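> Numbering of the sequence shown is given in this note's numbering, commencing with residue 4 and proceeding in unit increments.
Backbone N, C-alpha and C fix where the C-beta goes; we use that ideal spot for every residue, glycine too.
All of these numbers come straight from a predicted model, not from anything done at the bench.
Before we start, here is the structure in question, set down as structure tokens.
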Amino acid sequence: MRIQNFLVPAACVALLFLAHRTYGWPGVAAVGGGLVMWLLLHFTRLMTVLKRAADRPIGYVDSAVMLNAKLKPGVTLMHVMAMTRSLGERLSDEGVQPEVYRWRDNGSSTVTAHFQHGKLLSWKLDRPASDDAPAAPAGASPADPGAGGPTP
């Protein structure tokens with residue numbers, strides 16, 4: 004288990020204990036209110052991210068290249084979902100670590116991200132080969148007047 008699963012509740016209990024020893028029940032009420040506010044802020048952010056993601060197709064992102072540029076190791080899956088405004092397409096099996104998700108844009112570029120316990124480990128950008136670029140005629144240069152440009 005991760006230490007954070009035990010550390011955060013232990014810190015909350017310690018804050019409540021210290022508030023009671025220092026200020027009595029009014030201190031417990033004040034610290035308890037602050038903890039409830041902190042939980043409500045996190046819950047509201049989670050619901051906002053999920054609401055935005057529900058309105059988009061699974062695994063879609065506006066630009067895979069921009070997502071690739073914004074990603075950093077250690078960010079949470081919720082943070083990536085907030086950036087993409089979309090749930091990722093799950094590639095790994097349920098409950099298997101690391102979790103693998105993929106986001107795709109309209110140009111078929113994809114970002115595949117690996118998460119260990121909800122934190123980003125690594126990611127990879129895959130771009131399709133661009134065969135759409137027209138080939139220049141052999142022996143013609145842009146400054147060559149015979150290259151199809153307007154003649155003076």
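Helix, strand or coil, according to DSSP, for ALA146 in the structure here?
Counted from its first residue, the sequence shown places residue 146 at position 143. Low local confidence applies: a pLDDT of 49 at ALA146 is under 50, so the model's placement there is unreliable, and no value is given.
> Between the region 45-56 and the region 84-92, do at least 3 Cβ pairs fall closer than 8 Å?
The answer is yes - the region 84-92 touches the region 45-56, with three or more Cβ pairs under 8 Å.
> Does the pairing of the region 70-78 with the region 94-101 give three or more beta-carbon distances under 8 Å?
no
> Using beta-carbon positions only, say whether VAL31 and HIS23 come within less than 8 Å of one another.
Position 28 of the sequence shown, counting from 1, holds the residue named residue 31. Position 20 of the sequence shown, counting from 1, holds the residue named residue 23. Yes, these two residues count as a Cβ contact at 8 Å.
> Using the three-state DSSP reduction, which class does ALA132 fall into: helix, strand or coil?
Here residue 132 refers to the residue found at position 129 of the sequence shown. Reduced to three states, the DSSP call for ALA132 is coil.
> Under 8 Å, do LEU123 and VAL114 count as touching if we go by C-beta distance?
Against the sequence shown, residue 123 aligns to sequence position 120. Against the sequence shown, residue 114 aligns to sequence position 111. Cβ atoms of LEU123 and VAL114: not closer than 8 Å.
> Quick one: residues in its chain with C-beta nearer than 6 Å to the C-beta of MET84, no 5 flanking neighbours on either side, listed in chain order?
Translated into positions along the sequence shown, residue 84 becomes position 81. The answer, listed in chain order, is VAL52 and ALA56.
> Just verifying my parser: in three-state terms, what is the DSSP assignment at GLN100?
Along the sequence shown, read from residue 1 onward, the residue named residue 100 stands at position 97. If DSSP states are grouped into helix, strand and coil, GLN100 belongs with coil.
> What's the gap between the Cα of PHE174 and the Cα of THR25?
The question about residue 174 has no answer here: the residues shown for the chain are numbered 4 through 155.
> With DSSP as the reference, please indicate the residues paired to GLN119 in a beta bridge.
Working through the sequence shown from its first residue, we reach residue 119 at position 116. DSSP, once it has assigned bridges, lists LYS122 as partnering GLN119.
> Helix, strand or coil for LYS73, going by three-state DSSP, please let me know.
For the purposes of this step, residue 73 is taken as residue 70 along the sequence shown, with counting starting at 1. It is helical.
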